[in-house]
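Under the working numbering, think of the first position of the sequence shown as 131, with each following residue one higher.
Heads up, the beta-carbon is just placed ideally off N, CA and C, and yes, glycines get one too.
All values derive from a computational prediction rather than experimental measurement.
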Amino acid sequence: MSTFEATNPGAQGRAPGLAPDPTPGLAPEPTPVLAARNLVKRYGHVTALDGADFELLPGEILAVIGDNGAGKSSLIKVLSGAVRPDEGEMFLDGKQVNFRGPLDARAQGIETVYQDLAVAPAMTITENLFLGRELFRPGFFGQAFHLLDKRRMLAEANAHMASLKIGIRSMKQAVETLSGGQRQGVAVARSAAFARHVVIMDEPTAALGVKESNMVLELIGRVRDKGLPVILISHNMPHVFEIADRIHIQRLGRRVALVNRRDIDMNHAVAVMTGAATLQ
């Protein structure tokens, strides 16, 4: 029996990516915002994903954990449109989707914060927030000659940062003048500003100190509080158990467990992740 079937009675016989049939007397489970079934991804003779399942529910922080080589990176690349699976299906709000590239995922409201942040250090915070999605002045000349609407961009940048309670002295300062935690905040704010469905965060606290890591964890919580579900990929187990609502455990290219954080302790999660234990 798969983990999905074990944790969702009545899963057999319904369309993948859809919520279970309601049990009499109980409220129906919500349709997953993002789901995948039987994903397979091969790189030559190496199988990175071997029938992987995935589901993200509305309003949750879902942590994806796994040992090195478990297929976490490949899973996230498929979900974000960076690579195409060899087999399997994906669903957004219960409807099947097929991402041909990252722009397709972004067009569907899925934004990704990668570990390297992909910020331009010499550019201002405002310029980074709108990088590749600049706003142009209204009217023929503004659109035809790509005249930037800097006033509107600055106002919206201030609003985005304020809504997430990110303390920045000036939106006009260069990103290279910021601390590591503040740079992460800029990357997260950019994703949250344009995401309509999902924010994916790849190791957002890597290489950060304790104070800055706590700041980023609080920021992730505020993104969730704005109504955006978050996929969190992390090797930092204390951070996972501090902030995640559910935990997706990946091993050997498959999901081997999907569990509420309160229903498992850290040692057991690590044991399941390494294959030393199973989830009964």
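Next item on the list: Could you have a look at histidine 398 and say whether DSSP puts it in helix, strand or coil?
Entry: helix
Checklist line | Extent of the continuous beta strand (DSSP E) run through asparagine 390 | finding: 384-390
Check: Do alanine 322 and leucine 358 have their C-beta atoms closer together than 8 Å?
Finding: Remark: C-beta atoms of alanine 322 and leucine 358 approach each other more closely than 8 Å.
Check: Taking buried to mean at least 16 other C-beta atoms within 10 Å of its own C-beta, is arginine 176 buried or exposed?
Finding: Before going on, a small fix: residue 176 reads as valine here, not arginine. By the 10 Å Cβ count, valine 176 comes out exposed.
Notebook entry, point to check: Hey, would you say leucine 222 sits closer than 8 Å to threonine 256, going by beta carbons?
Noted result: Judged by beta-carbon spacing, threonine 256 lies beyond the 8 Å limit of leucine 222, meaning their Cβ atoms are not closer than that value.
Next item on the list: Specify the secondary structure class of glutamate 348 as computed by DSSP and reduced to three states.
Entry: helix
Check: Below 8 Å, can you find three or more Cβ-Cβ pairs linking the segment 245-255 to the segment 285-302?
Finding: yes
Checklist line | Three-state secondary structure assigned by DSSP to aspartate 332 | finding: The answer is strand: DSSP assigns aspartate 332 an E or B state.
Item checked: For glycine 211, the three-state DSSP class (helix, strand or coil) -> Correct three-state label for glycine 211: coil.
Next item on the list: Use the C-beta contact count for proline 162: other C-beta atoms within 10 angstroms, 16 or more gives buried, fewer gives exposed.
Entry: Buried, since its Cβ has 16 or more Cβ neighbours within 10 Å.
Checklist line | Residues that glycine 196 bridges to, as DSSP identifies them | finding: Gln380
Notebook entry, point to check: From what residue to what residue does the alpha helix (DSSP H) around arginine 282 run?
Noted result: 280-293
Note to self: Among the candidates Ile206, Met291, Ala182, whose CA atom is the shortest distance from the CA of asparagine 168?
What the structure shows: Ala182
Checklist line | C-beta atoms of aspartate 332 and isoleucine 363 nearer than 8 Å | finding: Yes, the Cβ-Cβ distance between aspartate 332 and isoleucine 363 is below 8 Å.
Notebook entry, point to check: Where does arginine 354 sit, in a helix, a strand or coil, going by DSSP?
Noted result: When DSSP states are grouped into helix, strand and coil, arginine 354 belongs to the helix group.
Check: To the nearest whole angstrom, what separates the beta carbons of glycine 310 and alanine 337, a pair I think is in contact under 8 Å?
Finding: Rounded, the Cβ-Cβ distance is 7 Å, consistent with contact.
Item checked: Under 8 Å between C-beta atoms of proline 158 and proline 188 -> no
Next item on the list: Apply the 10 Å Cβ neighbour rule to arginine 392 and answer buried if 16 or more other Cβ atoms are within range, or exposed otherwise.
Entry: Exposure of arginine 392 is indicated by the presence of fewer than 16 other C-beta atoms within 10 angstroms of its C-beta.
Note to self: Does the contact criterion of 3 or more C-beta pairs under 8 Å hold for the segment 365-384 versus the segment 188-208?
What the structure shows: yes
Checklist line | Nearest-angstrom Cα separation, counted from glycine 211 out to arginine 236 | finding: 8 Å
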